[in-house]
Structure formats: structure tokens, C-alpha cells
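This report refers to the structure that appears directly beneath it.
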Amino acid sequence: MALFPTRPTFIKRALGAILAAALLVTLLNPAAQAQAQDPVADAGSDFSVIPGVEREGMLNGSGSFDFDDPATTLTYRWRVLTSDYNWIRLTPTGNPTGRTAEFEVPPPNLVNRYGVYHIDFELTVTNRSGLSDRDIVRVTLAQQPEARIDVSAKLLNPNPTDLDGDGRIETDEKYTVEAIIDRPGQRGNQDDEWDVREGARLVLDASNSTGAGSSTLSYEWRKVTARPNYPAFTIDPGDLYGETVTIMLPDNLDNERTAVVHYRVTITNNDGATDFATVQITVHDQPAAPTVEIALRDHNQPAQVAFHEGEDPRFVVAPGDSVVLTATADDKDGNQARSLTHEWRGNITPSTSNRAGTTSQATFTAPRTDPAGATHTVTVTVTDSTRRTARATITFVVVDNAAPSAVAPDDLISEDGKEGGTDGTGIMRVNGAGFDNDGDAITFEWIEVDDDGDPVEEATVELINPNQAIVSFEVPELRGGQLDIILQLTVTDVWGVFDTDTVTITVLGRNEDPVANAGADQRVQARQGVELDGTASFDPDPGDLFTFFWELTGISVTPPARVTPVSAADLRALDDFWPTGGVYPNPLTASRTARPRFQAPNLVDLTSVRLTFTLTVTDREGRDDEDEVTITVVGRYFSGVVTGPNFCVNHSLGGPVTYPLDQDRDGIADICSLPYTRREAVARQSALTQLANLDPTKFAREVRTACREIEGDDFGDAQAALDADACATGQVSPPPRPVNLVAYPNFFSGPVVTGPDFCLNHSLGGAVTYPYDIPPRDGVADICVLPYTRREAVARQTALATFSGGAQFRNALAAACREVVSRTFPGDEAEDLDDDVCAEPSTTTPQTGSGSSGQPLPGS
0 MALFPTRPTF IKRALGAILA AALLVTLLNP AAQAQAQDPV ADAGSDFSVI PGVEREGMLN
60 GSGSFDFDDP ATTLTYRWRV LTSDYNWIRL TPTGNPTGRT AEFEVPPPNL VNRYGVYHID
120 FELTVTNRSG LSDRDIVRVT LAQQPEARID VSAKLLNPNP TDLDGDGRIE TDEKYTVEAI
180 IDRPGQRGNQ DDEWDVREGA RLVLDASNST GAGSSTLSYE WRKVTARPNY PAFTIDPGDL
240 YGETVTIMLP DNLDNERTAV VHYRVTITNN DGATDFATVQ ITVHDQPAAP TVEIALRDHN
300 QPAQVAFHEG EDPRFVVAPG DSVVLTATAD DKDGNQARSL THEWRGNITP STSNRAGTTS
360 QATFTAPRTD PAGATHTVTV TVTDSTRRTA RATITFVVVD NAAPSAVAPD DLISEDGKEG
420 GTDGTGIMRV NGAGFDNDGD AITFEWIEVD DDGDPVEEAT VELINPNQAI VSFEVPELRG
480 GQLDIILQLT VTDVWGVFDT DTVTITVLGR NEDPVANAGA DQRVQARQGV ELDGTASFDP
540 DPGDLFTFFW ELTGISVTPP ARVTPVSAAD LRALDDFWPT GGVYPNPLTA SRTARPRFQA
600 PNLVDLTSVR LTFTLTVTDR EGRDDEDEVT ITVVGRYFSG VVTGPNFCVN HSLGGPVTYP
660 LDQDRDGIAD ICSLPYTRRE AVARQSALTQ LANLDPTKFA REVRTACREI EGDDFGDAQA
720 ALDADACATG QVSPPPRPVN LVAYPNFFSG PVVTGPDFCL NHSLGGAVTY PYDIPPRDGV
780 ADICVLPYTR REAVARQTAL ATFSGGAQFR NALAAACREV VSRTFPGDEA EDLDDDVCAE
840 PSTTTPQTGS GSSGQPLPGS
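First residue of the sequence shown? That's 0 in numbering that gives the first Met the number 0, and the numbers climb one at a time after it.
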């Protein structure tokens with residue numbers, strides 16, 4: 000059985016069921032009991048062992064059984080079917096002997112030599128009658144994974160390029176200079192030894208490890224030893240369990256010292272087999288070239304600065320003036336400072352006191368005969384004892400120039416946000432100015448700087464027109480305190496000489512009130528779970544936090560309690576919502592969260608209940624705001640949304656009359672309510688259409704009468720349609736056919752309320768509508784349309800209502816009730832059905848039922 004690896008459990012269960020059935024037949028048939036049954040061998044499920052890790056494996060035949068005798072009476076015999084491994088010794092164990100068996104797991108070298116990575120074992124079980132059965136189990140010889148570490152090391156390229164052309168220079172594009180000195184096998188290195196230059200970006204990659212048939216491998220890295228133990232050798236915690244690790248090697252080794260560090264990766268495959276690999280990285284000190292910089296000897300030199308930080312030094316000097324320069328060198332190896340030599344080139348006179356070492360001086364004199372704007376380049380080259388060199392350059396522009404002046408305004412103060420800035424516009428304007436005594440053209444540049452005058456890494460505001468004298472920005476919102484924004488104005492002349500000035504704008508934070516948003520009003524069904532939503536609430540102060548608190552603050556019922564007292568059943572249903580002594584209970588779960596919940600009450604006689612909840616949000620300084628949301632819970636007689644394909648046939652304008660209710664009293668009817676059950680509504684409508692079809696002349700006359708009573712109302716119909724309907728022409732089509740309950744057994748309430756006349760013309764209260772497939776006509780009806788105007792629909796329904804009196808109607812209603820009494824209408828409750836007109840058809844009267852025949856339509 001174990002040779003079916005895809006669904007062994009299913010097959011065993013199926014076989015067990017067949018055998019059990021056979022046993023049942025045997026028990027029921029005494030004649031069959033004389034014949035012994037074969038036992039059933041079960042060698043267990045296929046499994047895996049790991050050669051080299053596990054020395055022994057265990058076979059298990061305890062699932063075998065016999066129909067006639069206990070399993071302990073069976074004899075068990077195991078043997079190896081795979082010919083390459085028929086030498087494996089099996090040791091029977093268990094009770095009885097052989098029920099289980101141990102076997103020796105072959106070593107990895109033999110498994111790899113044979114190239115066969117499984118062993119099939121056969122179990123034979125025999126009962127006392129000599130009958131036997133066999134089963135085979137496959138043991139997979141899982142291979143041990145092999146760990147491997149690939150090493151790469153690169154130094155920073157002083158001139159990196161965008162190798163992949165994506166417009167950015169990524170880290171791997173910055174480090175492209177080979178840093179490996181010797182690899183394994185070179186200069187006596189062992190297989191795991193690498194020599195690398197200091198300061199390199201070291202990448203250890205175990206992704207080429209093999210998993211021995213495993214689809215996935217897990218990795219675990221660790222630093223084994225390090226001498227000396229530089230902090231830079233530590234593996235980043237985020238790399239410990241990945242395929243690769245990246246280490247920035249230290250760059251502060253000197254005097255040809257080395258450092259040695261060992262790293263190890265352990266890999267594990269799906270079978271739990273592991274392997275590890277280790278590498279030794281020897282980090283070598285590398286001789287470094289010296290560095291050199293040129294600067295003015297002091298601030299008293301007659302030169303104007305014409306460069307910014309990060310640019311090559313450039314100065315403006317008047318004809319005939321002399322400037323003393325100082326070159327400062329640094330020996331990066333730490334032991335050659337005294338041997339550094341300096342060589343000056345250009346229109347320069349080196350000092351006669353210069354000696355080998357870290358500094359030297361020279362003097363530049365601007366020629367008096369140079370034309371304005373003439374340039375001179377001066378260089379100094381520094382060389383160490385290993386002949387490594389460094390060079391620095393400085394440029395002089397010869398011109399008689401007066402430096403420009405930058406003028407920023409005095410420090411400013413502003414409120415935060417949209418009420419701050421200049422004139423309370425939310426925009427802060429900063430007026431700067433610049434002057435040049437030579438009359439040269441000047442340029443302006445505004446930037447945001449920190450307290451030390453350095454450009455900020457992340458700007459607080461976005462400057463508008465930063466290259467003009469007047470700059471502006473949108474004042475940020477603060478949640479309190481104050482914010483100092485330092486702007487620096489730089490004015491530059493045509494020779495690159497510049498001047499700067501700064502202004503500090505202090506923005507004073509105001510704690511603004513939070514804004515509560517209790518969400519949109521909701522209309523829900525009785526007993527429905529309701530969730531309030533205050534997530535749209537916010538605080539104008541950035542980053543400020545606020546708390547939520549919800550409470551029930553109002554309740555009103557329809558019909559109003561002052562008109563119709565609330566029944567005892569509804570009072571019980573509203574017990575969790577009705578105030579006591581002016582204090583409202585708390586029906587909410589998690590009332591101090593953004594989304595509290597409650598269960599709508601189960602209304603009995605009420606049409607609807609309107610619950611008002613107030614949300615209060617409060618910030619950390621106690622400022623708060625409130626908002627209300629109204630949840631309208633509609634009763635069981637509320638007509639809901641279209642929910643099925645037969646809606647157009649049975650309802651919309653074609654069912655019983657519903658009545659408009661103005662829940663929020665805004666002058667617009669917003670729900671429709673039935674005065675009785677849906678079952679009674681269908682029966683009444685069916686009775687009316689039956690009687691109208693028996694007297695079509697009266698029906699036509701009543702339609703024309705109703706048309707005169709509603710004359711002047713267009714009900715939203717187009718004028719062209721009104722000119723052609725029955726109210727305009729007097730031509731009345733036959734009354735609607737009775738509803739076919741066999742063909743169309745499902746009834747649905749009307750579509751969503753869309754206006755004050757909805758209840759007159761739609762839902763359960765108007766004329767029959769028909770399905771219509773809107774172009775491009777996909778074959779599925781998607782809207783309901785009237786065969787006539789809404790005005791005519793109202794008139795026709797009013798005409799139907801005139802058939803609701805007398806014995807003839809009572810008889811028709813009784814017949815209709817008998818037809819629908821056994822049908823289920825979604826939305827009707829059992830206790831309501833017990834009281835409606837169809838509960839006792841024999842006693843039906845046209846005015847009683849579950850109430851009365853209802854209110855007539857307006858104008859009837």
C-alpha cells in the first residue's frame with residue numbers, strides 16, 4: 000500500500016471499507032463464515048533517512064491485521080527488494096517478532112557510488128490458516144547538503160559610473176576596484192584562505208550551496224574568531240540568516256599589520272540535514288598615497304574667496320598684490336611624515352625655509368600688467384618615500400574687484416499654518432537685497448541652513464523662487480512649541496566673489512482643535528450588527544494624537560411615542576437604548592475606539608427607530624470636537640433593495656401599497672413601510688387584479704377619475720410621454736393580469752428610495768414594471784421599465800383600490816390567501832403571519848386583517 004505515494008491514506012481507507020463490508024456480509028451469511036479471510040499487510044507510510052547522519056532506520060508493520068484472528072497471531076517477514084541494497088541486514092523486533100524491524104542505513108559513499116537513492120522493503124504477513132498478504136514501503140535516502148562560500152572584495156572607486164544606466168550609482172557600482180590579493184591555492188593559501196586589502200567591501204555568498212534534492216535551504220552565519228577583534232568584523236543582524244553577508248573591512252591598519260577573521264555558514268535542507276563551510280579572511284594593510292591641501296596662510300591675505308565648499312580653490316586678487324599660501328600634507332601610512340617632499344609649480348615663489356615634512360609655503364604675486372580676468376594656476380605635488388604622490392591646485396583671477404554685499408531682513412516671527420505667514424495668508428515672504436559697488440551683475444541664492452551655517456540635509460520648507468531677491472515658503476503646521484527656520488542669502492558677482500547673510504524665521508505653533516467625523520448616517524435592519532466609523536477624524540496639528548469616545552445621545556421612534564404609545568414588546572427590545580432618568584445606557588462595544596459596534600434592536604410594532612450617537616475626539620492638550628451620526632433601524636415591514644431576478648415581474652410598482660415615512664423629517668420621504676405582512680400584501684394585490692379583470696369597464700372609468708384628481712402632477716415624467724398616456728388621451732389599457740405564483744414564486748421589495756415620490760410610484764406601491772435589457776444588450780435584463788408613465792401608473796393603482804370593498808373582494812381575498820398561505824415570503828416573521836388576514840381566510844373581512852385596508856394614495 001505504501002507504493003501509492005499520491006493518496007495512500009485514501010486507498011487504505013477505501014480498502015478498509017471494502018474489507019469491512021465483506022466482513023459484514025460474512026457475519027450476516029453463516030454459510031460464508033466457513034471460508035477464512037486473507038490478512039491485510041500494511042508496511043507503513045514511505046519515509047526518508049539521511050545517510051551519514053542516521054545510522055539505523057525502523058520499519059513498522061503494526062498497521063497489518065487479520066479478520067479471523069488477532070494481529071498478534073500473524074507472522075511477519077521483511078525483505079529488501081532493491082537489488083543494490085540486498086546486502087542490508089534486517090533485525091526483526093516488536094511483538095510478535097517482526098512486527099517492526101531495524102535496518103542499517105548505508106553510508107553516503109556507497110549511496111553515491113550506486114546512484115540509487117531509495118530502498119524498497121516488502122512486508123509479508125501470514126495468518127494461522129496459511130493465508131498471506133504483502134505490502135511495500137519505500138525509504139528515500141536523502142542526500143546531505145553541501146555548503147559553499149564564494150568570496151568577493153572590492154574597494155571604493157574614486158570615479159564610479161552608472162553601470163546599469165538607471166540614472167543612479169548604487170553601492171555595488173561604487174565598489175568596483177578589485178581588493179583580493181591572493182585566493183585559495185595562491186602563495187600557499189589553503190582551500191578556505193583569502194587575502195584581502197583593508198577598507199574593502201567584503202561579500203560572502205552561500206547561494207551556490209547544494210541542497211541534495213531539497214527545494215529550499217536555510218542559512219545561519221556567524222563570526223568564529225577575529226584577531227584583533229575589530230568592531231567592523233561583526234555581521235549585521237539582518238544578514239545572519241540570508242544567503243549572503245556584507246562586511247565593510249576596517250581601513251585603519253598601519254605599518255603593514257594584518258588582521259585575521261573566520262566566518263562560518265551552516266545550511267539546512269528540508270530533511271533537516273546540515274553542513275557548514277568556513278572561510279579565513281586575512282586583511283592586509285596597504286601603503287597609501289599622501290594627501291595635500293592648499294589654503295591661504297591666514298585670513299589677512301589680500302584675496303577674495305570665489306569658490307564654495309567642495310569646489311577647487313579659487314581666489315580673486317588685485318594686480319600687484321601678493322598672497323602667501325600654505326600646503327598641508329598628510330602621510331596616510333603614519334610613518335613617512337618627515338620624508339614628504341613638496342614641489343610648487345606656476346607663477347609662484349616657494350619659501351626658502353621649506354623643508355621635507357607636512358607643510359610648505361609659497362607666495363603668489365598678481366602681475367600688474369595682466370588684463371582684468373586673467374587667470375593663473377598654481378600646483379603643489381607631495382611625494383612620500385614610496386614615490387606615491389598627491390597634488391593640489393589653486394586658481395587666481397587677477398582683477399581689481401569690490402566684493403558684493405548680501406542683506407537679509409531682521410529675524411521674523413510667524414504663526415503656524417494657513418493663518419500664519421505674511422498678512423495671515425499662510426505664505427511667508429522674505430525680502431532680501433544685494434549690492435555691488437562695481438555695478439557688476441549679481442545673482443541670488445537662498446538655502447536653508449542649520450545653526451552652524453551648513454546646508455540642511457532635509458529641508459523644513461520648500462522655498463519658492465530661491466534664485467530671486469524675495470523668497471517665500473508655505474508656513475508649516477505645528478502641533479505646539481516653535482520652529483526656527485534659518486535661511487541664508489548668497490549674493491555672487493560676475494567673478495564668483497560672494498557674500499552671505501542669514502535670517503531666522505520663528506514659527507509659533509498653535510494647538511488647533513481636532514476634527515471629529517462620526518461617519519455617514521446608516522440605515523440598517525433590525526437585529527443587524529452595526530459598526531460606527533470615526534476613522535475620518537483628524538487633527539490639523541501634524542503628528543498629534545487624539546482619543547475617541549462614543550456615546551448614545553438620542554432616540555426617536557416611528558410612529559412617534561407621543562402619538563402611538565410604544566408597545567411593551569418594543570420597550571423590551573429597546574431596553575439597551577432607552578434612557579432612564581435622562582441618562583442613556585451604553586450599548587456599544589469598544590466605545591473608546593474608532594470603530595465601536597452594537598446590535599440593532601429587534602423591532603416588533605415600530606416602523607423604525609432613530610439612534611443618535613455622538614463622537615468626541617480629544618487631543619493631548621484636552622482640546623476636543625464632536626460630531627453626530629444617525630443610525631435608522633427599520634422594522635420588518637420596511638421594503639428593501641432589489642435582490643433577485645424576478646423583481647421586475649412581481650414587485651416594484653406592481654405590488655401592494657406602501658406608505659412614505661419621513662424618518663429625519665427633512666420634508667423628503669426616505670423609507671417605505673407596509674401596513675401588513677408581505678404575504679397579505681401579495682394576496683390583497685392578487686385579489687384586486689382579479690376583480691379588475693372581471694370588470695374592465697369600471698377599471699377604465701376609475702382610472703380616468705383618478706387622472707382628473709392628480710391632474711397637474713407630472714411625477715417626473717417627460718412631457719412627450721405625458722401627452723400620450725391614458726390621463727391625456729382617455730384611452731385606458733386593460734387592467735394588469737394577476738400574478739402567476741407558479742411561474743414567478745419569488746417576491747422582492749423595491750429599489751433604493753430616490754426621492755419624495757418614490758413610495759407613490761415604486762417599491763410595492765405602483766404599477767407593474769417589466770424587465771429591459773439596456774443596449775448593447777448582453778441578453779440579461781438589467782433595469783425595470785414601466786409600459787406607461789408614472790402618472791398613469793399612480794392612476795391605475797388608485798383605480799385598483801376601488802375594488803377593495805364588499806363581499807366580492809372578501810371572497811377574492813380568501814381565494815388569494817389559499818393560494819399563497821403555504822408560500823414563504825422573505826422578511827415575514829412567524830408571529831406576524833399568525834395575525835395577518837391569510838391566517839384565517841374563512842373569517843377575512845375587507846377592512847380588518849392585520850390592520851386596515853391602508854391609506855389611499857395621495858389624490859385617491
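Idealized CB from N, CA, C, for every residue including glycine.
Check: Roughly how many angstroms separate the alpha carbons of T592 and D574, rounded to a whole number?; Outcome: 24 Å
Check: A515 to D624, Cα distance in whole Å?; Outcome: 6 Å
Check: Distance check for I180 and D284, CA to CA, integer angstroms please.; Outcome: 11 Å
Check: Does the Cβ of F537 have 16 or more other Cβ atoms within 10 Å, making it buried, or fewer, making it exposed?; Outcome: exposed
Check: Quick one: which unbroken beta strand (DSSP E) runs of 3-plus residues sit fully inside the stretch 565 to 632? Chain order, please.; Outcome: 596 to 598 and 607 to 618
Check: If you draw a straight line from the alpha carbon of L486 to that of L507, how long is it in whole angstroms?; Outcome: 17 Å
Check: Taking contact to mean 3 or more Cβ pairs, one atom from each stretch, closer than 8 Å, check whether the stretch 423 to 439 and the stretch 396 to 403 are in contact.; Outcome: yes
Check: How would you label M247, buried or exposed, when you count the other beta carbons within 10 angstroms and need 16 or more for buried?; Outcome: exposed
Check: Can you have a look at Q185 and say buried or exposed, based on whether 16 or more other CB atoms are within 10 angstroms of its CB?; Outcome: exposed
Check: Thinking C-alpha only, which one of V316, T348, Y75 and A725 is nearest D369?; Outcome: V316
Check: Buried or exposed: where does E627 fall if 16 or more other Cβ atoms within 10 Å of its Cβ makes it buried?; Outcome: exposed
Check: With burial defined as no fewer than 16 other Cβ atoms inside 10 Å of the residue's Cβ, what is the status of Y240: buried or exposed?; Outcome: exposed
Check: Please report the straight-line C-alpha distance between F66 and N126, rounded to a whole angstrom.; Outcome: 10 Å
Check: To the nearest whole angstrom, what separates the beta carbons of W77 and L122, a pair I think is in contact under 8 Å?; Outcome: 6 Å
Check: Any idea if T382 is buried or exposed, counting beta-carbon neighbours within 10 angstroms, 16 or more meaning buried?; Outcome: buried
Check: Do the stretch 334 to 344 and the stretch 409 to 416 meet, that is, are 3 or more Cβ pairs less than 8 Å apart?; Outcome: no
Check: Below 7 Å CB to CB, which residues in the same chain sit around R522 once its five sequence neighbours on both sides are set aside?; Outcome: T631 and V633
Check: Answer yes or no: does any C-beta atom of chain C fall closer than 8 Å to that of T290?; Outcome: The chain inventory of the structure shown lacks chain C, comprising one protein chain alone.
Check: Using CA atoms only, rank isn't needed, just tell me which of I484, V455 and V429 is closest to N466.; Outcome: V429
Check: Are D329 and P289 closer than 8 Å when you measure CB to CB?; Outcome: yes
Check: Between T696 and T611, which are expected to be in contact by the criterion C-beta below 8 Å, what is the C-beta distance as a whole number of angstroms?; Outcome: No, T696 and T611 are not in contact; Cβ-Cβ is about 54 Å, not under 8 Å.
Check: Of all the options F547, N585 and T606, which has the alpha carbon lying nearest to the alpha carbon of Q598?; Outcome: N585
Check: Run the CB neighbour count on T797, radius 10 Å, all protein chains shown included, and call it buried at 16 or more, exposed below.; Outcome: buried
Check: Whole alpha helix (DSSP H) runs in the stretch 76 to 143 with 4 or more residues, listed along the chain?; Outcome: 107 to 113
Check: Do you know offhand how far Y262's Cα is from I168's?; Outcome: 29 Å
Check: Where does R182 land, buried or exposed, given buried means 16+ other C-beta within 10 angstroms?; Outcome: exposed
Check: Measure how close the beta-carbons of R703 and V731 come, nearest whole angstrom, since I'm counting them as under 8 Å.; Outcome: 7 Å
Check: Throw me the rounded Cβ distance for the L531 and P595 pair, which I believe falls under 8 Å.; Outcome: 5 Å
Check: Tell me the DSSP bridge mates of F66?; Outcome: Per DSSP, none; premise fails for F66.
Check: What is the C-beta distance between V264 and A146, in whole angstroms, given that I count them as a contact (C-beta under 8 Å)?; Outcome: 6 Å
Check: So W494 and V406 are in contact, right, with Cβ under 8 Å, and what is the actual spacing, rounded?; Outcome: Actually they do not touch by this definition, with Cβ atoms about 20 Å apart.
Check: Opposite E828 in the DSSP bridges: which residues?; Outcome: Paired residue(s): none; E828 is not in a bridge.
Check: Quick check on DSSP: helix, strand or coil for E219?; Outcome: strand
Check: On the DSSP bridge assignment, give the partners of V474 in chain order.; Outcome: Its beta-bridge partners do not exist; DSSP assigns none.
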